[in-house]
Amino acid sequence: MYSGSVDGESHETAQRKIPPASSMLWVRNLRRYIGSGAGLGSEALMELETKRILLDIFKEKQQRSAEAATVPSFYKKKPEEGSISHRVQRLAKYRFLKKQSDILLNADDLDAMWVCLRENCVIDDATGAEKMNYEDFCHIASVCTEQIGPKCRRFFSPSNFMKFEKDESGRIAILPFYLYVMRTVSLTQARIDMSELDEDSDGFLQPHEMEAYIRGKACIKKVLLSNCLQELMELHQESEEEVTDTEQAENWFSLTSAQRICDMFLALDKDMNGTLSKQELREYADGTLTEIFIERVFDEHVRRGKSGGGNAREMDFESFLDFVLALENKDTPEGLTYLFRCLDLQGRGYLTTADIHSLFRDVHQKWIEGGNYELCIEDVRDEIWDMVKPTDPLRMALSDLLSCKQGGTVASMLIDVRGFWAHDNRENLLQEEEGPEDE
């Protein structure tokens, strides 16, 4: 009993005195030795290295997943009117446009450049044209830089010289180059002027930003590349008193042209309710437009009235402007697109021979009513198909009308008996135009 109790106490005492393995120095040294890999064999080292590589790959994938889960911000709310951000934005825009305007050539600079070009060019003995080779080009660039300043230097780059047609001696004419400089300056100034009107700087001009010139939402880039830019610039630079009546009438944006369209609308509006019915619009152009075309115009381009019902759909003045603009500019992509929607009877995006037959049938009826000779609808249909030469022999798309360069003529033949008459008598009309010149 006695010896047993002594042994138990000795065992408990031993357990209390033995330190844990983690605190022993030799254990810590052994773990450190093994952890460094110095005491492991080649297989163990390879396994340890593989484990580290896989762990690195796993961490990299986790990082990529975390980054991919974050959607980048692609929308930023516009600053509120009158806020500090809005004021800073407008100030920055004003300073930027002012800086761009300052580096443009003005009228005096352009005159000085023209003088430099003429004084340092050579005369072509054969044609009498004023030309310059690349050495002259570089010399003129130095002279212009001294007289005008560094802002003209960008026009005298090697790439600009290569843009122009050269003769056998490698010379270019100075006039096309000077016109190129003027055109570039003019377009840049127009871009600056329009950007000043673009209050929210979104690249578009709203009606209240350019109400006097353009309706609707107009992309600045498209305006700069459009055919109407010259008319806009003429209206912006010259007053109505400085141009002739003919020039005013030919400019769509002039007061004379606006008055003409307004008088036309009022003359058609018989009931004076401010809109045009189908019956009233049929009197446009002395009633030469076909019934089916008028119907399609109302189907595609006239908004239905708020009261609903068939009788409520009438053409307001804005829709009438689009209508007239399309008819007077049938050869432009915009005008032809407007008309093609009316010609596309089924709304399929293309025309078939059956569509051409249906459209021309109304023209044929007006043609006969006018006392003209009998003609075969099928022959006219085949002639139109030959004029366009569509990519698909069974379908005529808008792209075919645009690429054939006769889309405006084709559209006139299908919607207006006067347009078909002009095409049928094109040779006689051409002779009449050439006659006075020959005399």
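Residue numbers (my numbering): 167 to 605. By construction, the Cβ of each residue, glycine as well, lies at the ideal position given by its N, Cα and C atoms. Note that the structure is a prediction, hence the values are computed from the model and not measured.
DSSP state of residue 279, grouped into three classes?
Correct three-state label for residue 279: helix.
When the Cα atoms are used, what is the spatial distance from residue 342 to residue 529?
46 Å
Go through its chain and collect everything with a Cβ distance to residue 475's Cβ below 8 Å, but skip five positions before and after it.
Residue confidence for residue 475 is low, a pLDDT of 45 falling below 50, so the modelled location carries little weight; the figure read from the coordinates is stated next. Correct list: empty, nothing qualifies.
Let me know the secondary structure DSSP gives residue 468 once reduced to three states.
Residue state, collapsed to three classes: coil.
Buried or exposed, going by whether 16 or more other CB atoms sit within 10 Å of the CB of residue 224?
When all chains shown are included, residue 224 counts as exposed.
Within its chain, find whatever has a CB closer than 7 Å to the CB of residue 311; leave out the 5 residues flanking it on each side and keep chain order.
318 and 319
Exposed or buried, residue 219, counting other C-beta atoms within 10 Å across all chains shown (16 or more means buried)?
exposed
How is residue 314 classed by DSSP in three states: helix, strand or coil?
coil
Residues in the same chain with beta-carbon distance under 6 Å from residue 466, minus the five sequence neighbours each way, listed in chain order, please.
Same-chain partners within the cutoff: 507 and 508.
What are the boundary residues of the alpha helix (DSSP H) that includes residue 544?
For residue 544, the enclosing alpha helix (DSSP H) has its first and last residue at 543 to 554.
Can you tell which of 551, 344, 275 and 589 has the C-alpha that lies nearest to the C-alpha of residue 578?
Just measuring C-alpha positions, the residue of 551, 344, 275 and 589 sitting nearest residue 578 is 589.
Start-to-end residues for the beta strand (DSSP E) that takes in residue 296
296 to 298
What is the DSSP secondary structure of residue 224, reduced to helix, strand or coil?
helix
Reduced DSSP category for residue 430 - H, G, I as helix; E, B as strand; rest coil
helix
Rounded to the nearest angstrom, how far is the Cβ of residue 340 from that of residue 287, given a contact under 8 Å?
5 Å
Are residue 141 and residue 458 close, meaning C-beta to C-beta below 9 Å?
Limits of the chain in this structure are 167 at one end and 605 at the other, which puts residue 141 out of reach.
Please report the straight-line C-alpha distance between residue 354 and residue 256, rounded to a whole angstrom.
Going from the Cα of residue 354 to the Cα of residue 256 covers about 20 Å.
C-beta atoms of residue 289 and residue 297 nearer than 9 Å:
yes
Could you have a look at residue 306 and say whether DSSP puts it in helix, strand or coil?
In the three-state reduction of the DSSP assignment, residue 306 falls in the helix class.
Suppose contacts are defined by Cβ-Cβ distances below 9 Å. Is residue 346 in contact with residue 326 by that definition?
yes
Identity of the residue in 575, 544 and 440 nearest residue 494 by Cα:
575
Taking the straight line between their C-alpha atoms, what separation do you get for residue 554 and residue 581?
16 Å
Is residue 560 buried or exposed, if buried means 16 or more other CB atoms sit within 10 Å of its CB?
exposed
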